[in-house]
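Below is one structure; the comments refer to it alone.
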């Protein structure tokens, strides 16, 4: 059996890769090999087209290949709750939790995942369109990019976006390099 994993460098999909590499599937009588198929939408297309048997990827991305969940089932979760961070360019001086400072800013986010940020902002009284909070794709994150989070951190550093809504790897790169600061960490209850 083939297990598609959309990247091999972030912790987002690590549990599925670890299960395959450490023999957890084999102990259940399944001969599973992991295969890198990027981006995650393409991994789900491979599942739909019968090229792989499982995808260890973000559940929301299944909708890219399976309209209204028809033809796909969620068997388990690689993580619980949302694990995304809102990181903004450090030079903007936006304090943690200061959502009002997002007005007029460009925020890069992955497809489908951006819906969570839009919902969070709307619930906080900041409807993105009315407040000129432009949430869209990260430049360079489609096609042959190695990893969404890495690409987001690089786009932030180049000034192509004011911030990003991405995973912990992107956050660590941006914060450690000095180009980004965490405005929201929803894992810790922000937002």
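In this note's numbering, the protein residues as written are 45 to 235. Quick reminder that beta carbons are idealized off the backbone N, C-alpha and C, glycines included. Model, not experiment: these values are computed from the prediction.
Beta bridge counterpart(s) of residue i as assigned by DSSP
i           : result
residue 97  : Note: residue 97 sits in no beta bridge, so no partner.
residue 224 : 133
residue 210 : 129
residue 107 : Its beta-bridge partners do not exist; DSSP assigns none.
residue 151 : 179 and 207
residue 79  : 48
residue 229 : 129
Separation of residue j from residue i, as counted between CA atoms
i           : j           : result
residue 143 : residue 225 : 13 angstroms
residue 208 : residue 130 : 6 angstroms
residue 113 : residue 107 : 6 angstroms
residue 51  : residue 213 : 12 angstroms
residue 211 : residue 70  : 30 angstroms
residue 170 : residue 161 : 11 angstroms
residue 206 : residue 104 : 25 angstroms
residue 94  : residue 86  : 12 angstroms
residue 146 : residue 230 : 16 angstroms
residue 92  : residue 137 : 45 angstroms
residue 174 : residue 139 : 22 angstroms
residue 122 : residue 57  : 7 angstroms
Buried or exposed (CB count within 10 angstroms, at least 16 for buried), residue i
i           : result
residue 221 : exposed
residue 218 : buried
residue 45  : exposed
residue 73  : exposed
residue 164 : buried
residue 81  : buried
residue 97  : exposed
residue 77  : exposed
residue 232 : exposed
residue 60  : buried
residue 180 : exposed
residue 53  : exposed
residue 62  : exposed
residue 111 : exposed
residue 193 : buried
residue 148 : exposed
residue 102 : buried
Nearest-angstrom beta carbon gap, residue j and residue i [assumed within contact, 8 angstroms]
i           : j           : result
residue 223 : residue 133 : 6 angstroms
residue 128 : residue 84  : No, residue 128 and residue 84 are not in contact; Cβ-Cβ is about 14 angstroms, not under 8 angstroms.
residue 48  : residue 79  : 6 angstroms
residue 172 : residue 204 : Their Cβ separation, rounded to whole angstroms, is 19 angstroms, which puts residue 172 and residue 204 out of contact at 8 angstroms.
residue 235 : residue 168 : 7 angstroms
- prompt: Between the segment 198-207 and the segment 147-166, do at least 3 Cβ pairs fall closer than 8 angstroms?
  reply: yes
query: Counting Cβ pairs closer than 8 angstroms, one from the segment 117-129 and one from the segment 63-76, do we hit at least three?
result: no
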